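Engineer:
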Amino acid sequence: MANSLEQLPFLSGHRHVHQPPQENLSCEQAQLAAEQVKAQQAFSYNEFEDVNPLPQGAQGEATVVRLISTQNLYVRKRLPYGTNEQKKDADQEVNMLMRASSENIVKFIGKFEHQQGLFIITEYCEGGNFREKINSERNSPLGFKYLFEMLLALQLIHRLKMVHRDVKPENIFIDKDEKAKTGDFGLAQVIESKSYLKSAGTKVYAPAEAHRFNKMTYESDIWALGVVMIEFITGQHPFEESKETTHS
Numbered sequence: 001m002a003n004s005l006e007q008l009p010f011l012s013g014h015r016h017v018h019q020p021p022q023e024n025l026s027c028e029q030a031q032l033a034a035e036q037v038k039a040q041q042a043f044s045y046n047e048f049e050d051v052n053p054l055p056q057g058a059q060g061e062a063t064v065v066r067l068i069s070t071q072n073l074y075v076r077k078r079l080p081y082g083t084n085e086q087k088k089d090a091d092q093e094v095n096m097l098m099r100a101s102s103e104n105i106v107k108f109i110g111k112f113e114h115q116q117g118l119f120i121i122t123e124y125c126e127g128g129n130f131r132e133k134i135n136s137e138r139n140s141p142l143g144f145k146y147l148f149e150m151l152l153a154l155q156l157i158h159r160l161k162m163v164h165r166d167v168k169p170e171n172i173f174i175d176k177d178e179k180a181k182t183g184d185f186g187l188a189q190v191i192e193s194k195s196y197l198k199s200a201g202t203k204v205y206a207p208a209e210a211h212r213f214n215k216m217t218y219e220s221d222i223w224a225l226g227v228v229m230i231e232f233i234t235g236q237h238p239f240e241e242s243k244e245t246t247h248s
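Once you know that position 160 of the sequence shown is 160 in UniProt numbering, the rest is easy, because the numbers rise by one and skip nothing.
Here it is in structure tokens:
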């Protein structure tokens, strides 16, 4: 994994614009992914008590919960799991979370089914989301550190041939150590052999091709992150006119 901005492939030249780097993941990343899969825990609904609800994300409702046996806090997200299509979408989100194992991505803890819902348990980032940082710590010296951590998250996501499609302040979380972590993979998709995906997410963070041609690519995530950082530096969204959201 890169340890400086200059080493990030999508910052080192135009030859990386259309395709993410194709080299294999490092041994360290592969080990992290294996450990995360191994560490998955089987839970049941009654093992948790609700603490407080969170704003609804792209595809499900989320709640801060406490695991009764340990008193540790987590986030529990409910996804519809009744129809075959719902099961396919929910399983895809879980699979992408499991594969994208990194210290810069919200950690997947486990899952369980309950009353036609699939519940995903992830780590709780007590620092809140990046929107709160924009509101309270605009243009902080930590901004470049946050940017670096967000870029590392996208680097891994793109190496895995995924496009997040919903990069915005509300989907970037800050943990107790002031580390930025990308989360909410509800609209993420694998791009595979296709050159683009159907547009989705929050319109004001989407590039022109998403509005004009209903297309999103790896570069769409980078554009969205640039908009997020403009907000952090200036305290104002560069495209204030529309706040609509579109979903695939």
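C-beta atoms are modelled at their ideal positions from N, C-alpha and C, and glycine is treated no differently. Only a predicted model underlies this, so the values are computations on that prediction, with no experimental measurement involved.
Can you name the residues that DSSP bridges to Leu225?
Structural biologist: Position 225 of the sequence shown holds residue 225. Answer is none; Leu225 lacks a bridge partner.
Engineer: Have a look at Lys87 and Met229 and give me their C-alpha separation to the nearest angstrom.
Structural biologist: If you number the sequence shown from 1, residue 87 lands on position 87. If you number the sequence shown from 1, residue 229 lands on position 229. Answer to the nearest angstrom: the Cα atoms are 35 Å apart.
Engineer: Specify the secondary structure class of Pro169 as computed by DSSP and reduced to three states.
Structural biologist: Taking the sequence shown and counting its residues from 1, one reaches residue 169 at position 169. Pro169 falls in the helix class under three-state DSSP.
Engineer: Run through the segment 36–80 for me and flag every whole alpha helix (DSSP H) of 4 or more residues, listed as ranges in chain order.
Structural biologist: DSSP runs (the alpha helix (DSSP H)) wholly in the segment 36–80: none.
Engineer: Applying the 10 Å Cβ sphere with the 16-neighbour rule, what's the burial state of Glu170?
Structural biologist: As a working note, residue 170 is residue 170 in the sequence shown. It counts as buried.
Engineer: Look up Val204 in the DSSP assignment and say whether it is helix, strand or coil.
Structural biologist: Reading the sequence shown from its first residue, position 204 is the one you call residue 204. Of the three classes helix, strand and coil, the one that applies to Val204 here is helix, per DSSP.
Engineer: Under three-state DSSP, which class holds Leu187?
Structural biologist: Taking the first residue of the sequence shown as position 1, residue 187 is located at position 187. Here Leu187 sits in coil by DSSP.
Engineer: Spatial neighbours of Val190 within its chain, please: CB distance less than 7 Å, with the 5 preceding and 5 following residues excluded, ordered by chain position.
Structural biologist: Working through the sequence shown from its first residue, we reach residue 190 at position 190. Hits under 7 Å: Lys161, Met162.
Engineer: What is the rounded straight-line gap between the Cα of Tyr81 and the Cα of Ser136?
Structural biologist: Residue 81 sits at position 81 when you count from the first residue of the sequence shown. Residue 136 sits at position 136 when you count from the first residue of the sequence shown. Cα-Cα distance, rounded: 38 Å.
Engineer: May I have a chain-ordered list of the beta strand (DSSP E) segments no shorter than 3 residues that lie completely inside the segment 96–157?
Structural biologist: Counting whole runs of 3 or more residues, the segment 96–157 contains the beta strand (DSSP E) stretches 108–114, 117–123.
Engineer: Alpha carbons only, please: which of Cys125, Gly183, Ile68 is nearest the one belonging to Met96?
Structural biologist: As a first step, residue 96 is located in the sequence shown; it is residue number 96 there, counting from the start. Taking only the C-alpha atoms, the option nearest Met96 is Gly183.
Engineer: How far does the beta strand (DSSP E) with Thr182 in it reach, from first residue to last?
Structural biologist: Reading the sequence shown from its first residue, position 182 is the one you call residue 182. Element bounds for Thr182: 180–182.
Engineer: Just to confirm my understanding: we take Glu231, look at its own chain, exclude 5 residues before and 5 after, and list those with CB closer than 6 Å. What are they?
Structural biologist: Along the sequence shown, read from residue 1 onward, the residue named residue 231 stands at position 231. If we look at Glu231 and ignore the five residues flanking it on each side, its Cβ neighbours are Ile134, His237.
Engineer: Compare the beta carbon distance of Gly201 and Gly60 with 8 Å and say whether it is the shorter of the two.
Structural biologist: As a working mapping, residue 201 is identified with position 201 in the sequence shown. As a working mapping, residue 60 is identified with position 60 in the sequence shown. No, they are not a contact pair.
Engineer: Count the other C-beta atoms from every protein chain shown that fall within 10 angstroms of the C-beta of Ala42, then say buried if there are 16 or more, exposed otherwise.
Structural biologist: On the sequence shown, residue 42 is found 42 positions in, with the first residue counted as 1. Classification for Ala42: exposed.
Engineer: How many angstroms separate the CA atom of Ile174 from the CA atom of Gly127?
Structural biologist: Along the sequence shown, one-based indexing puts residue 174 at 174. Along the sequence shown, one-based indexing puts residue 127 at 127. Ile174 and Gly127: Cα-Cα distance of roughly 5 Å.
Engineer: Please return the same chain residues whose Cβ sits closer than 7 Å to the Cβ of Asp50, not counting the five positions on each side in sequence.
Structural biologist: Position 50 of the sequence shown, counting from 1, holds the residue named residue 50. Here the set comprises Thr63, Val65.
Engineer: DSSP state of Lys198, grouped into three classes?
Structural biologist: Position 198 of the sequence shown, counting from 1, holds the residue named residue 198. Strand, per DSSP.
Engineer: Measure from the alpha carbon of Asn104 to the alpha carbon of each residue in Ser44, Leu152, Lys198, then state which is nearest.
Structural biologist: Taking the sequence shown and counting its residues from 1, one reaches residue 104 at position 104. Here the closest residue by C-alpha is Leu152.
Engineer: Which residues in the same chain as Lys215 place their Cβ atom closer than 8 Å to its Cβ, once the five residues preceding and following it in sequence are excluded?
Structural biologist: Locating residue 215 in the sequence shown gives position 215, counting from the first residue. Excluding sequence neighbours, Lys215 sits near Tyr196, Leu197, Lys198, Ser199, Glu209.
Engineer: Should the segment 108–116 be called in touch with the segment 144–158, which here means at least 3 C-beta pairs below 8 Å?
Structural biologist: Touching, no, given that fewer than three Cβ pairs across the two stretches are closer than 8 Å.
Engineer: Run the CB neighbour count on Ser102, radius 10 Å, all protein chains shown included, and call it buried at 16 or more, exposed below.
Structural biologist: Working through the sequence shown from its first residue, we reach residue 102 at position 102. Under this definition Ser102 is a buried residue.
Engineer: With a threshold of 7 Å on Cβ separation, who are the neighbours of Ile109 within its own chain once the five nearest residues in sequence on each side are excluded?
Structural biologist: As a first step, residue 109 is located in the sequence shown; it is residue number 109 there, counting from the start. So the list reads Gln41, Tyr74, Ile121, Thr122, Glu123, once near-sequence residues are dropped.
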